[in-house]
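Quick note: the sequence shown, position 78, residue 78 per this note's numbering, numbers continuous. Cβ atoms here follow ideal geometry from the backbone N, Cα and C, with glycine treated the same way. Inspection log for the structure reproduced underneath, given as structure tokens.
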Amino acid sequence: MSMIYFDTDVLVNFFVEQSREKHELAGRIYENASKKGSVFMSFLVLQELSFVLAKLNMPMSEVRDNVNALALLKPYSYQTGEYYRAVNLAERVGFQHFNDCLHTAISERHCDELITFNKADFSKIQLHTNLKITLL
């Protein structure tokens, strides 16, 4: 089965309508992948998602419920090899993008595709990986 890694920004847009277009697109893409059982979840995404949802003033109980629902997908904790791959990528694109490099390293090992709205950072990372990165 083909697995898809959703960058945190896609899930933020799925849960919070900041832009109608992004909210609807994130919803369609996520729901489609979910129906196919192809959503890959990491604890890194859950950590970032809980932080961003709280910053966007989502009530704490909703943050908890949303993150816990995604935790049912059996999130993955990254390993040493993925950390060092992220360091390698960060040396090429800048350590200010380290979490994006870590998302990429996890995806390279476990997924067929990474989907993101973050064109600025992932267009740089894309030059240093064979992973399919879909820039929305």
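When you compare only the Cα positions, how much space is there between residue i and residue j?
i, j, result
"residue 131", "residue 5", "11 Å"
"residue 125", "residue 84", "15 Å"
"residue 23", "residue 78", "28 Å"
"residue 96", "residue 44", "16 Å"
"residue 138", "residue 98", "Residue 138 lies beyond the residue range present for the chain, which begins at 1 and ends at 136; the question has no answer from this structure."
"residue 16", "residue 108", "28 Å"
"residue 127", "residue 75", "27 Å"
"residue 89", "residue 120", "15 Å"
"residue 68", "residue 46", "9 Å"
"residue 35", "residue 28", "11 Å"
"residue 57", "residue 80", "34 Å"
"residue 110", "residue 94", "23 Å"
Since I believe residue j is in contact with residue i (beta carbons under 8 Å), could you give me their beta-carbon distance rounded to a whole number of angstroms?
i, j, result
"residue 112", "residue 2", "5 Å"
"residue 50", "residue 63", "6 Å"
Taking the CB atoms as reference points, tell me whether residue i and residue j lie closer together than 9 Å.
i, j, result
"residue 26", "residue 52", "no"
"residue 48", "residue 8", "yes"
"residue 13", "residue 117", "yes"
"residue 129", "residue 115", "no"
"residue 106", "residue 82", "yes"
Does the beta-carbon of residue i have 16 or more other beta-carbons within 10 angstroms, so that it is buried, or is it exposed?
i, result
"residue 72", "exposed"
"residue 100", "buried"
"residue 102", "buried"
"residue 66", "buried"
What residues match up with residue i in a beta bridge as DSSP calls it?
i, result
"residue 6", "115"
"residue 45", "According to DSSP, residue 45 bridges with nothing at all."
"residue 39", "4"
"residue 134", "115"
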